[in-house]
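Colleague: Please read through the structure below; I'll follow up with questions.
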């Protein structure tokens, strides 16, 4: 399981914009400097985020990028889906067929349910987490802030 640099840096760009508030915008170079990223990479991330409806761009001397909605209205699950996709997708097994054309375990697979449960647990956290939640500088785990409880994560018993 991997969290891509595109997902990490895309979220960080959104957080930069969210910290500025709804009245202020940031340029690519300002975000680039704040995050220590190249301007071209920030431009690529902001393009993805703009096309996905998370940010708006304004041209001109006072232009830049702003959030298209409030931080409370931006779900992290949606952002990560736009930046990189889901951990486990329906076509997952198509990529791990070995030397065969289709997976030998298509009908009797004991691994696929595991990945599905992992995705369900991930979704249960990300669906309840907004950009506003990430703005809070709290060191306590998300599940203890009522976003999700341990009981809501369906972990198989040992």
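Numbering (this note's numbering), first residue to last: 136 to 293. Just so it is clear, CB atoms sit at the ideal spot from N, CA and C, and this is done for glycine as well.
1. With a threshold of 16 other CB atoms inside 10 Å of the CB of residue 248, please say whether the residue is buried or exposed.
2. Can you tell me the Cα-Cα spacing of residue 285 and residue 189, whole angstroms?
3. Rank 185, 212, 144, 183 by C-alpha distance to the C-alpha of residue 168 and give the top, closest one.
4. Taking the C-alpha atoms as reference points, what is the distance between residue 261 and residue 181?
5. Are residue 267 and residue 183 touching if we call contact CB-CB under 9 Å?
6. Roughly how many whole angstroms lie between the Cα atoms of residue 138 and residue 214?
7. Using three-state DSSP, classify residue 255 as helix, strand or coil.
8. At which residues does the alpha helix (DSSP H) containing residue 145 begin and terminate?
9. How about residue 270 and residue 211: are their beta carbons less than 9 Å apart?
Modeller: In short, the structure shows the following:
1. Residue 248 sits exposed, since fewer than 16 C-beta atoms from the chains shown fall within 10 Å of its C-beta.
2. Residue confidence for residue 285 is low, a pLDDT of 49 falling below 50, so the modelled location carries little weight; the figure read from the coordinates is stated next. Here the alpha carbons of residue 189 and residue 285 stand approximately 30 Å from one another.
3. Checking every option, the nearest Cα to that of residue 168 belongs to 144.
4. Approximately 21 Å, taken between the alpha carbons.
5. Residue 183 is positioned such that its CB atom lies no closer than 9 Å to that of residue 267.
6. Approximately 13 Å, taken between the alpha carbons.
7. In the structure shown, residue 255 sits in a helix (DSSP, three-state: H, G or I).
8. From DSSP, the alpha helix (DSSP H) with residue 145 extends over 140 to 155.
9. Cβ atoms of residue 270 and residue 211: not closer than 9 Å.
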